[in-house]
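**Q**
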Amino acid sequence: MHDPITHVKPRAEWALIDMGRPCVPGNVTARVIKHPVAGSASTSKVQRLGAEGCITMTTPQPLWKEPPPEKPADKRRRGFVILSFWLIVVLLGLPIWWQTTTIYRADLPLQEMLDWAEGRACRPVFPLRIAVQAPSLHDHEAQTLVRLTQHALDDLNDFAGHHLRLSLAKQSAPSADLDVVLTVRLLPGDATTAHLDPYEPVLHVTYPPNAIPSASASSSTLATYIASTLREAFAEEQATISYLLSANGSSPSSGEPRPLGQGLAPDVAESLAKRSTRALRYAPTYHLTFSLFTSGSTPSSWDIEKAIEDYMKPVLDVLSPIHNFTIDTQIQLYATPGVQNQVLTKEDLSSFINAAEWPLSPSIGGAPTINFVVFIGNQTIYIPSSSGSESVSSHSWLIPQWGAVYLLPLTSGTAHLPSHELKHPLLTFTSHLLTLTGTPHSGSLPLRLSSLSRIRSADLLLRASSTLGSLARLVVALPSISIPPSVADGVATTLSHLRHACYTLGMPEALYHARVAEAAAERAFFEKSMVGQLYFPDEHKVAVYLPLLGPVAVPLLMGAWNEILGWVRRRGVKGKVE
Amino acid sequence: MDGGKVTLGRAAGLYAGAAVLRLAIFSLLPALPDLLTGRVEISTPVTSFKRLQEGLFLYNHNVSPYDGGVYHQAPLFLPLFSLLPSYATFPFLTNFLYVIVDLLSANALWKIAESGEAGASAHFTSPRREKRWSGFVIAATFLFNPFTVATCIGRSTSVFTTCAILHAVAKAVSGAPFGAMAALAFASYLSMYPLLLLPPIMLLAYDRQNPTRAIRSPLKFSLACTTTVALISAALLGMSYLLTGSWEFLAATYGVQLTLSDLTPNVGLWWYFFIEMFDSFRSFFLAVFWLHLSCYVGGLCVRIRSQPLAVITLLLGIFAIFKPYPSISDTSLFLALVPLYRHVLPLMRYSFVIAAVILYCVLLGPAFYHLWIYAGSGNANFFYAITLVWGLGQSLLVCDLMFAVLRDEWEVERPEMVGKEIRQI
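Quick note, the sequences are listed as chains A and B, same order.
Taken in order, the first sequence gives residues 1 to 578; the numbers are from the UniProt record's numbering.
Taken in order, the second sequence gives residues 1 to 425; the numbers are from the UniProt record's numbering.
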């Protein structure tokens with residue numbers, strides 16, 4: 001049986017062509033015959049060929065020669081050939097396509113990440129333990145004093161996150177406990193005085209003999225005095241932390257009327273903002289570059305190694321639990337500053353560094369660089385003070401987030417700069433370094449450092465949380481972004497370290513956990529393979545698939561279409577016969 | 001028989017001539033083998049003799065040969081080559097091994113040619129079958145084909161695969177299905193892609209079974225063949241496991257072919273494509289390329305069921321174009337089988353174009369590679385362009401041969417059309 005339509009149509013078209021436009025013999029010498037070649041012979045192609053125009057025969061016979069009907073066996077075979085290709089496409093191709101092009105999205109604990117970012121998962125609480133040592137007091141007297149002082153502190157405190165917890169320490173052990181932030185040492189004296197020990201986290205308080213409160217007293221001037229002194233000592237830290245919390249907006253969505261930043265006066269907030277813009281971003285390692293720039297040929301050497309060892313190393317050592325430092329030095333002769341006025345005004349200071357010519361690389365290795373520049377020259381700085389009459393003269397200035405410059409006047413001809421000449425510059429640089437690392441200004445150095453570590457851990461904690469929040473929002477907002485397993489791992493690491501950091505806030509290990517959490521969060525957020533597919537719109541996928549798969553798909557689809565068409569026609573014919 | 005003796009004498013002469021040619025090149029032009037070994041047209045990452053030496057060195061020093069990611073060939077080559085004296089000191093035996101393998105391939109080809117399977121198979125007898133070349137001529141065209149000689153001199157390990165494939169076909173033709181399956185299992189073990197030849201070789205073996213002990217049920221036969229191949233392959237893989245002590249050779253040999261992790265340029269079409277490919281689509285297009293390579297098997301087996309040897313020939317041509325690491329060795333295998341179809345060669349329409357394109361590539365391919373790599377005045381596109389032309393020439397040959405085979409078949413059906421021009425629609 002063969003399909004009648006197949007062979008009727010070409011004949012009709014041939015007749016049409018014959019009547020309308022007689023073919024010039026010899027221009028096309030081809031003969032249309034049905035030739036079974038793997039899956040390509042099709043009835044519709046005969047029709048299309050006919051429609052293209054002229055079909056001439058090489059043989060001189062004037063009549064269209066009908067190709068013999070296709071044998072059913074051939075038809076079946078053609079069907080099998082087409083089927084064999086389609087089986088591979090459908091059974092292997094489609095699953096592989098699905099498997100290899102679906103975007104891998106690891107499950108992320110989105111809600112938890114958002115909770116952290118919005119400050120719901122962790123209320124930063126800094127329980128600061130303060131030990132009280134009162135060797136000359138009886139136990140019950142001391143306890144009364146501690147209780148009263150604690151009451152006074154609680155009355156004074158308006159920031160719930162920052163507790164000062166007093167406890168009576170054993171007389172003999174002087175602040176052996178690591179968790180103790182400050183020791184208050186009570187000693188009998190003539191009047192009520194208090195001062196911070198410059199080398200140890202100790203507050204020395206003297207009291208006159210009559211100031212000891214009785215057991216039944218409900219208030220005591222000594223207790224109030226101690227409380228207000230302590231509060232003063234921690235005021236800056238408290239302000240900084242509450243500034244950080246409010247700046248990070250960690251609780252606006254919780255509905256509470258912002259209890260954290262409420263105690264900040266506008267001027268305090270402003271100075272804190274200024275200080276936080278000066279400080280560099282936290283990094284576990286900083287690279288310190290000491291540069292000696294001179295406008296002439298001298299001095300050509302300096303004792304910087306010894307000077308650093310003598311004047312700066314002690315501070316670097318005490319900073320070492322918080323930061324590591326790497327140091328390099330350089331000397332640059334015949335260096336011209338950006339401004340060559342004899343008297344530098346405030347405007348000149350910002351353009352003094354000749355960034356184009358001075359080899360002050362922005363960053364060596366992975367760590368951020370802090371530059372300390374000693375410039376040999378007798379320029380002076382003139383800054384009219386705010387009051388107008390008085391002027392402040394100085395040798396150095398600090399460049400926020402970059403470093404510091406010191407102008408060192410020197411008689412010309414000094415070939416070698418000994419270390420004692422560098423004492424001033426380096427001591428100045430040391431104090432600048434503390435500012436650049438974000439250390440609070442008030443209090444004794446030990447207290448400032450421990451408070452720096454707390455401020456930094458709070459800062460890192462908040463930053464890691466907000467990175468997590470950004471990642472979570474990004475993942476929700478971009479359904480086509482891929483999430484490789486490394487990101488999920490990073491998020492898990494961040495969350496677990498954040499939890500630890502939150503529990504241990506106020507203790508030294510909080511900084512470690514917060515640091516790990518922040519690094520992991522940053523790595524997860526900036527995972528490169530995530531963005532690979534991000535800027536890959538669907539139109540581009542056409543450009544990827546079509547050049548190769550298009551040509552392959554055309555014969556496949558045409559073959560399948562013709563087979564289906566033929567099958568439908570045969571069904572139709574059968575139906576009519578019945 | 002008188003003719004047999006003559007044949008034997010001629011065969012000996014041919015083989016001796018081919019062996020002398022090869023050994024003469026080895027000894028008279030001592031620099032040539034190493035030069036050819038380094039050519040990308042001959043040595044691919046999965047067949048290179050240099051890489052084999054590296055693997056051999058590691059193997060002889062009790063280091064896993066796959067450490068370092070240079071050696072991607074079957075582990076069983078290692079004991080074979082370490083039995084031979086070191087190539088550096090005494091290269092003759094190694095060279096001789098390659099010559100012997102070439103001669104064995106030629107011998108198998110001779111057997112295939114003498115069987116007459118190309119002209120008259122179980123289901124189809126060509127009216128033109130009388131016009132054919134003898135086994136001598138066909139073996140000679142194989143042995144003296146410059147591609148074959150260059151492959152042998154370059155000591156590419158693909159000659160072992162070639163030999164195994166030709167023996168598989170020869171065994172199938174001579175009615176030894178299990179021998180054919182064993183040879184095919186060897187070939188697949190060495191290069192993996194010959195596994196795709198299993199269906200046509202099974203058909204060929206089924207058609208040419210010895211009638212006295214034939215398995216008539218196609219299902220049973222195919223099951224038996226598949227089981228044989230699976231068992232022998234499993235045995236070879238097991239031996240390799242025992243030899244290397246771990247399964248890492250699977251990833252280093254077959255894994256490299258599947259994932260194309262070594263992008264050294266070759267005459268194929270894959271390397272350039274996958275250099276340019278977006279990483280996220282790489283695995284998808286690897287699958288597409290492999291599926292493309294394998295999708296011809298079913299269609300051709302169905303369409304030219306009556307001539308399984310033609311299917312094998314055409315598939316070998318397709319593999320030489322589209323496999324991941326092709327070399328001229330694959331082309332030489334294809335060209336070895338094409339003369340079996342001497343009787344349909346007059347039906348081909350583009351013989352001149354094909355010959356011209358292939359010559360053009362042979363001359364310009366090395367030149368373009370030189371421009372790119374050594375002179376630096378060209379870039380990768382130069383070489384890729386010439387490999388495209390090379391692929392075009394080979395695909396023309398494959399298509400034209402297929403056309404000729406089909407037309408030959410068709411003219412039996414329509415004797416009145418013999419000698420007339422036709423158009424494919």
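Idealized CB from N, CA, C, for every residue including glycine.
Quick one: what does DSSP say P127 (chain A) is sitting in, helix, strand or coil?
**A** The answer is strand: DSSP assigns P127 (chain A) an E or B state.
**Q** Establish whether the CB of R105 (chain A) and some CB of chain B are separated by less than 8 Å.
**A** With 8 Å as the cut-off, R105 (chain A) does not count as an interface residue toward chain B.
**Q** Let me know the secondary structure DSSP gives Y406 (chain A) once reduced to three states.
**A** Three-state result, Y406 (chain A): strand.
**Q** Would G572 (chain A) be called buried (16 or more neighbouring beta carbons within 10 Å of its own) or exposed?
**A** With fewer than 16 other Cβ atoms within 10 Å, it is exposed.
**Q** Output needed for G245 (chain B): all residues of its chain with C-beta closer than 8 Å, excluding positions within five of it in sequence on either side, in chain order.
**A** Cβ within range, chain order: S64.
**Q** If we define contact as Cβ-Cβ less than 8 Å, is F80 (chain A) a contact residue for chain B?
**A** So, interface residue.
**Q** Measuring only between beta-carbons, confirm whether V32 (chain A) sits less than 8 Å from chain B.
**A** Low local confidence applies: a pLDDT of 43 at V32 (chain A) is under 50, so the model's placement there is unreliable, and no value is given.
**Q** Just the Cα atoms here: how many angstroms apart are I100 (chain B) and L109 (chain B)?
**A** I100 (chain B) and L109 (chain B): Cα-Cα distance of roughly 14 Å.
**Q** So what does DSSP say about I82 (chain A), is it helix, strand or coil?
**A** Three-state DSSP puts I82 (chain A) in a helix.
**Q** Cα separation between L398 (chain A) and L349 (chain A)?
**A** Straight-line Cα distance between these residues: approximately 9 Å.
**Q** Would you kindly work out how many angstroms separate the C-alpha atoms of W358 (chain A) and R278 (chain A), rounded to a whole number?
**A** Rounded to the nearest angstrom, the two C-alpha atoms are 22 Å apart.
**Q** E421 (chain B) by DSSP, collapsed to three states: which one?
**A** If DSSP states are grouped into helix, strand and coil, E421 (chain B) belongs with coil.
**Q** Report the rounded CA-to-CA distance for A205 (chain B) versus L314 (chain B), giving the unit in angstroms.
**A** Their backbone Cα atoms lie some 17 Å apart in a straight line.
**Q** By the 7 Å beta-carbon criterion, what residues does the segment 319-345 of chain A contribute toward chain B?
**A** Within the segment 319-345 of chain A, no residue has a Cβ that lies closer than 7 Å to any Cβ of chain B.
**Q** When DSSP builds the beta bridges, which residues end up paired with S214 (chain A)?
**A** Partner(s): none; S214 (chain A) has no beta bridge.
**Q** Leaving out five residues before and five after D310 (chain A) in sequence, what residues of the same chain have Cβ atoms less than 7 Å from its Cβ?
**A** Correct list, in chain order: S419.
**Q** Between which two residues does the beta strand (DSSP E) containing H287 (chain A) stretch?
**A** Unbroken beta strand (DSSP E) run through H287 (chain A): T285 to T294.
**Q** Our contact map puts L360 (chain A) next to T289 (chain A) with C-beta atoms below 8 Å; I'd like the distance itself, whole angstroms only.
**A** Yes, they are in contact, since the Cβ atoms of L360 (chain A) and T289 (chain A) sit about 7 Å apart, within 8 Å.
**Q** Select from A:I103, A:L407 and A:A492 the residue whose C-alpha is nearest the C-alpha of Q340 (chain A).
**A** The candidate whose alpha carbon is nearest that of Q340 (chain A) is A:L407.
**Q** Select from the segment 85-100 of chain A all residues with a C-beta closer than 9 Å to any C-beta belonging to chain B, and list them in chain order.
**A** Taking 9 Å as the Cβ-Cβ cut-off against chain B, the residues of the segment 85-100 of chain A that qualify are F85, L87, I88, V89, L92, G93, I96, W97, Q99 and T100.
**Q** Is it buried or exposed for V279 (chain B), if we count other Cβ within 10 angstroms and need 16 for buried?
**A** With the sequence shown as reference, residue 279 (chain B) is identified as Asp, and Val is not the correct amino acid for it. Exposed, because fewer than 16 other Cβ atoms sit within 10 Å of the Cβ of D279 (chain B).
**Q** What is the DSSP secondary structure of V132 (chain A), counted as helix, strand or coil?
**A** DSSP places V132 (chain A) in strand when its eight states are reduced to three.
**Q** If I'm right that N145 (chain B) touches S332 (chain B) with Cβ under 8 Å, what's the distance once you round it to whole angstroms?
**A** About 5 Å; that satisfies the 8 Å criterion.
**Q** Just mark N381 (chain B) as buried or exposed, buried being the case when its beta carbon has 16 or more other beta carbons within 10 Å.
**A** Under this definition N381 (chain B) is an exposed residue.
**Q** A152 (chain A) to W116 (chain A), Cα distance in whole Å?
**A** About 33 Å.
**Q** Could you please give me the residues that DSSP links to L164 (chain A) through a beta bridge?
**A** DSSP, once it has assigned bridges, lists A:L128 as partnering L164 (chain A).
**Q** For a cutoff of 8 Å on Cβ pairs, would you count G299 (chain B) as touching chain A?
**A** Yes, G299 (chain B) counts as interfacial toward chain A.
**Q** For a contact meaning CB atoms closer than 8 Å, what does residue 608 (chain A) contact in chain B?
**A** It is not possible to answer for residue 608 (chain A), since the shown part of chain A is limited to 1 through 578.
**Q** Give a yes or no on contact between the segment 179-188 of chain B and the segment 215-232 of chain B, applying the rule of three or more CB pairs nearer than 8 Å.
**A** The segment 179-188 of chain B is in contact with the segment 215-232 of chain B.
**Q** Consult DSSP for D538 (chain A) and reduce its assignment to one of helix, strand or coil.
**A** In the structure shown, D538 (chain A) sits in a helix (DSSP, three-state: H, G or I).
**Q** Which residues share a DSSP beta bridge with Y207 (chain A)?
**A** Y207 (chain A) is bridged to A:P188.
**Q** Please compile the residues from chain B whose C-beta is within a distance smaller than 9 Å of the C-beta of R77 (chain A).
**A** Residues of chain B passing the Cβ test: V302, R303 and R305.
**Q** Please state if the CB of G268 (chain B) and the CB of P326 (chain B) are separated by a distance shorter than 8 Å.
**A** Closer than 8 Å, so yes.
**Q** CB R463 (chain A) to CB E421 (chain A), shorter than 8 Å?
**A** No, the pair does not count as a contact, with Cβ atoms beyond the cut-off.
**Q** With a cut-off of 8 Å, do at least 3 Cβ pairs link the segment 283-299 of chain B to the segment 11-21 of chain B?
**A** No, the segment 283-299 of chain B does not touch the segment 11-21 of chain B.
**Q** Less than 8 Å between the beta carbons of S126 (chain B) and T47 (chain B), yes or no?
**A** Going by C-beta atoms, S126 (chain B) is not nearer than 8 Å to T47 (chain B).
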